[in-house]
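Structure first, then comments.
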Amino acid sequence: MGPSTQDFYDDMSESYHLIYEDWKHTVSSQGEFWDRWIRSRFQLPGSGRIRILDASCGIGTQSLGLALQGFEVTATDLSPNSVERARREAEAMGLSIRFGTADFRTLEQDVAGTFDVVFSADNAVPHLLTDEDLMIACRQFYNKCLPGGMVIITIRDYDSLIRERPRATQPRILNHGKRIVFQVWDWSEDGSTYTTRQFILQDQLGTWKTESYAAMYRAVQRSELSYFLQQAGFQRVEWVMPEQSGFYQPIVTAAKF
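If you use the working numbering, the sequence shown corresponds to residues 59 to 315, in order.
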């Protein structure tokens, strides 16, 4: 049995912002990016009210930014500690967001209402390791979408990664050399899954402190996720790669009619 996804995010909730150079700037810039992206697909001006469910909100990286842009945001996550951190951040920023703890596979049970957009960014969906769980989650996304709405998911480029099977990410040197973040990846023999260990090293008054957190992912290829979305009832499944979108991960959108 692999490491617990909930424990990974619960344990890292107070340190998650450290994987960014400037987390608050990222919140703002991602809010601006997703505002343009979503409104262009709904063909709505900036004043149009859009209801969005961020189903893997974490500490609020996207949901806070979306609320800053005027979206009506409901934000949920598997990790209670992350949700509590996101709630505190929203209060500090004076934002009105409805928060809750929910699993991708039980959204109908855990979250009230339906939404124009069901959203999951930052490679959260690949924590679901089996075909059955991916299918259940996609059906839940579909059922939480209003007719005319869409699902938006971002994941790593597993079509490339599954061929290369990298053992680690390139270390990033942050905070003027006082913080280093990187991941080590341990691939399964068949390359279908891998365990990530996230390292955060910080120079604290000349002494280096190391934090590490482990989680497991499925290397979900684009054709696989497209299939599950279509089987759930979504139409017009479209992938946009980083070189086209400017976002750091591939984005998939699919519509509900």
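Even for Gly, the Cβ is constructed at its ideal location relative to N, Cα and C.
Measuring alpha carbon to alpha carbon, tell me which of Y74, V310, Q262, F257 ends up nearest S137.
Y74
Output the distance between the C-alpha atoms of Q88 and R276, rounded to the nearest integer angstrom.
25 Å
Where D65 and G116 are concerned, what is the direct C-alpha to C-alpha distance, given to the nearest angstrom?
13 Å
Extent of the continuous alpha helix (DSSP H) run through G171:
Unbroken run through G171: none, as it is neither H nor E.
Mind checking whether R94 and E130 have CB atoms under 8 Å apart?
no
Quick check on the DSSP output: the alpha helix (DSSP H) that includes S86 runs from which residue to which?
81–100
Would you grab the beta carbon distance between R214 and Q288 for me? Rounded to a whole angstrom, and I think it's under 8 Å.
Actually they do not touch by this definition, with Cβ atoms about 21 Å apart.
As assigned by DSSP and simplified to three states, the class of S250
coil
Excluding the five sequence neighbours on either side, which residues of its own chain have a C-beta within less than 6 Å of the C-beta of R230, listed in chain order?
V239
Quick one: which unbroken beta strand (DSSP E) runs of 3-plus residues sit fully inside the stretch 217–303? Chain order, please.
230–232, 237–245, 251–262, 265–276, 293–298
For S178, the residue or residues it bridges with in DSSP
I211
Return the first residue and the last residue of the alpha helix (DSSP H) that F66 is part of.
63–70
Sorted by chain position, which residues of the same chain lie with C-beta nearer than 6 Å to S178's C-beta, five sequence neighbours on each side aside?
A113, S114, I211
8 Å contact criterion, which A170 and F157 should meet: CB distance rounded:
That belief does not hold up - the Cβ atoms of A170 and F157 are roughly 13 Å apart, past 8 Å.
Taking the alpha helix (DSSP H) that A160 falls in, what are its first and last residues?
Segment: none, A160 is in no alpha helix (DSSP H) and carries neither H nor E.
Among R97, L219, Y216, the one whose alpha carbon lies nearest that of G128
R97
Sorted by chain position, which residues of the same chain lie with C-beta nearer than 6 Å to T159's C-beta, five sequence neighbours on each side aside?
P138, V141
With H, G and I counted as helix, E and B as strand and the rest as coil, what does DSSP make of G118?
coil
D189 versus D80 - alpha carbon distance:
36 Å
Span of the beta strand (DSSP E) around A312:
309–313
Cα separation between F173 and T253?
33 Å
Please report the straight-line C-alpha distance between C346 and K267, rounded to a whole angstrom.
This structure cannot speak to residue 346, because the chain is shown only from 59 to 315.
Pair within 8 Å by beta-carbon distance, F286 and A313:
no
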